[in-house]
Amino acid sequence: MKKNIVVNVNLKGGWLWLFSSPRKVLESILEEYNNQGYRLVFVLPPKPNPLFVIVQLFCMFITLGFFIPMPSYMLILERDAN
Numbered sequence: 118m119k120k121n122i123v124v125n126v127n128l129k130g131g132w133l134w135l136f137s138s139p140r141k142v143l144e145s146i147l148e149e150y151n152n153q154g155y156r157l158v159f160v161l162p163p164k165p166n167p168l169f170v171i172v173q174l175f176c177m178f179i180t181l182g183f184f185i186p187m188p189s190y191m192l193i194l195e196r197d198a199n
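Heads up: the sequence shown is residues 118 to 199, going by our numbering.
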């Protein structure tokens, strides 16, 4: 029998991206769960939303690019239940 979990990953945007790239964040999360016996099954990318893009641009101008909200990804992981 398989045990599935869903991990919601929120990424940082704007100038904060200089310190943590999305790829490195996702790799570190997957490495952590791989050490616990989970394996990646599927990644649900964010759905495009025109209103969210407007909010991103508004936040970028107000905070001078220091904070830009980013969509979240959902990782579906599974492992054998023991």
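Ideal Cβ placement from N, Cα and C applies to all residues, glycine included.
Using the beta-carbon count (16 or more within 10 Å), is Ile185 buried or exposed? Residue environment for Ile185: buried (at least 16 other C-beta atoms within 10 angstroms of its C-beta).
Restricting to Cα atoms, I'd like to know which of Leu143, Lys119, Lys120, Asn121 is closest to Asn127. Leu143
Ends of the beta strand (DSSP E) at Leu181? Counting along the chain, Leu181 falls outside any beta strand (DSSP E), and DSSP gives it neither H nor E.
Determine which residues share a DSSP beta bridge with Asn121 and list them. Glu195
Short of 6 Å in beta carbon distance, which residues of its chain neighbour Met177, apart from the five on each side in sequence? Order them along the chain. Ile185
Have a look at Leu174 and Pro188 and give me their C-alpha separation to the nearest angstrom. 13 Å
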